[in-house]
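The structure appears below as structure tokens.
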Amino acid sequence: MLTDLQLRQFRCFETFQIALAPGFNFFIGANGQGKTSILEAACVLLRLQSQRSASLLPLIRMGQKSFGLAGAWNDHHLAFRYSALRRKVEFDHVVQRSTAEYLRFGRVVSLANSDIDLPRGSGEGRRRYLDFLGSQIDARYRPILRAYERAWRGRNALLKSAKASAREIAAYDGPLVEKGSQLLEMRARLTERLAPFAAAAHRAIAGKGESLDMKFLPGAGQDFAEELVRSREKEMRMRQTVVGPHRDDLALSVQEMSAQQFASEGQQRTIALALKIAQARVLIEEASAPPLLLVDDIFGELDPERRNAVFAQLPAASQKLVTATTMDWMAGEAPGPVIRLAGRA
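For what it's worth, our numbering labels the leading residue of the sequence shown as 1412, then goes sequentially.
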């Protein structure tokens, strides 16, 4: 569990420090008080990436040049400092040249209202969903993903250039195919692991006998290299790489109908929760400890029946950081400390 969290020049906070309890921790306050930023800081500290932003630069407090985070995960001290020019990572007070040891321990799952974009938004969000899990259960995942992205971006830059030769473009084909094939296989396996957990969580929350189906849609066929060759004419016309893992997606359907096209908002919200609970279940199987759950203001949006169902589906052993504007939605006494935030709007 995360027992201590310290923020400096992070989002709206100049400084902030909090001791955290096992089980539930509730952060209550009006919008703009920094509740979500505290959850984001926990995610960045443990995973060196944000669940809200693809870049860490917007996390620096306005007018500052860097942010710093520190905390304790079980018996280990973690610290991370970020600026536009430098990252500094400390594990047990020792500066790390590699992030491998640092990232070996903490596991995170984030649940938020914005997750509704998973079933109804573009494929980019669903790829990020797979990548966020994959990087936490396989040390090879993140380097393979980054290597593929470098090759893909470099190749696209040449395709957009009027002066680039076919030989220059082809120089990227080797690493693109090698890393892309590995990434395609890893994402397909991830989907196979997630699908039964997502279906089970969806049945428990929906409570109407609805069935959720989840399938991997690869952005390239089994022979990625051959498909890349066949797409050359289309690439030159569109000035971009048109096949590969950057086009991967997930097909989500309820009762065999597309969740993106036909599901109601309530159904889409249930699907999103089921997908995130599935992440937690896979992490429990893969890791030595349950993940930290970051639950950002979702319970007030749910009717009592679904709220109780979601509570029951959250792994009991996980530490949970929960935000809300009020505690009116909770019947009875809160099952953990309540921290009230004020004065930052």
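Each residue gets a CB set at the ideal place from its N, CA and C atoms; glycine is no exception. Computed from a predicted structure; not experimentally measured.
Cβ-based burial, residue i [other Cβ within 10 Å; buried from 16]
i	result
Thr1602	buried
Lys1574	exposed
Leu1468	exposed
Pro1433	exposed
Pro1530	buried
Asp1526	buried
Thr1734	buried
His1504	exposed
Gln1633	exposed
Gln1672	exposed
Ala1720	buried
Asp1659	buried
Lys1590	buried
Leu1553	With the sequence shown as reference, residue 1553 is identified as Arg, and Leu is not the correct amino acid for it. Answer is buried; the Cβ neighbour count reaches 16.
Asp1406	Lying outside 1412 to 1756, the shown extent of the chain, residue 1406 is not represented and no answer is given.
Ala1691	buried
Ser1576	exposed
Ala1453	buried
Arg1578	exposed
Arg1537	buried
Glu1712	exposed
Pro1701	buried
Arg1717	buried
Val1520	buried
Asp1542	buried
Arg1680	buried
Ser1592	buried
Glu1644	exposed
Arg1422	buried
Ser1699	exposed
Beta-carbon separation (whole angstroms), residue i vs residue j, contact threshold 8 Å
i	j	result
Ile1682	Val1693	The Cβ separation is near 17 Å, so there is no contact.
Leu1684	Leu1459	About 26 Å; that fails the 8 Å criterion.
Gly1545	Met1597	6 Å
Ala1615	Ala1723	7 Å
Leu1489	Ala1481	7 Å
Ala1612	Ile1695	No, Ala1612 and Ile1695 are not in contact; Cβ-Cβ is about 13 Å, not under 8 Å.
Asp1415	Ala1495	About 27 Å; that fails the 8 Å criterion.
Residue i - DSSP class collapsed to helix/strand/coil
i	result
Gly1440	coil
Ser1642	coil
Gln1507	coil
Leu1587	helix
Lys1696	Strictly speaking, residue 1696 in this sequence is Glu, with Lys absent from that position. In the structure shown, Glu1696 sits in a helix (DSSP, three-state: H, G or I).
Ser1533	coil
Gln1730	coil
Arg1497	coil
Ala1453	helix
Met1649	helix
Ile1555	helix
Leu1705	strand
Arg1422	coil
Leu1480	strand
Phe1516	coil
Leu1467	coil
Asp1415	strand
Arg1472	coil
Gln1547	helix
Gln1678	helix
Asp1486	coil
Gln1593	helix
Leu1684	helix
Test item: CB-CB of residue i and residue j under 9 Å
i	j	result
Arg1497	Ser1466	no
Arg1472	Gln1428	no
Gln1475	Asn1567	no
Asn1436	Gly1630	no
Leu1456	Leu1514	no
Gly1517	Leu1703	yes
Leu1686	Leu1556	no
Gln1678	Ala1617	yes
Thr1736	Gly1440	yes
Glu1646	Leu1570	yes
Leu1661	Tyr1540	yes
Closer than 9 Å to chain B by CB, residue i
i	result
Leu1628	Checking the listed chains, one finds no chain B in this structure; it contains a single protein chain.
Proximity test, residue i beta-carbon vs the ligand HEM heavy atom, cut-off 8 Å
i	result
Arg1561	Absence of the ligand HEM is noted for the structure shown, with no ligands found whatsoever.
Would you check if the stretch 1736-1748 and the stretch 1637-1651 touch, i.e. whether three or more CB-CB distances between them fall below 8 Å? Counting C-beta pairs with one atom in each stretch, the stretch 1637-1651 and the stretch 1736-1748 have fewer than three that are closer than 8 Å, which means they do not touch.
Assess contact between the stretch 1698-1710 and the stretch 1557-1564, defined as three or more Cβ pairs (one per stretch) separated by less than 8 Å. Is contact present? Touching, no.
Should the stretch 1652-1671 be called in touch with the stretch 1607-1626, which here means at least 3 C-beta pairs below 8 Å? Under the three-pair Cβ rule at 8 Å, the stretch 1652-1671 counts as touching the stretch 1607-1626.
Report yes or no: do three or more beta-carbon pairs, one from the stretch 1507-1521 and one from the stretch 1438-1448, lie closer than 8 Å? Verdict: no, contact absent.
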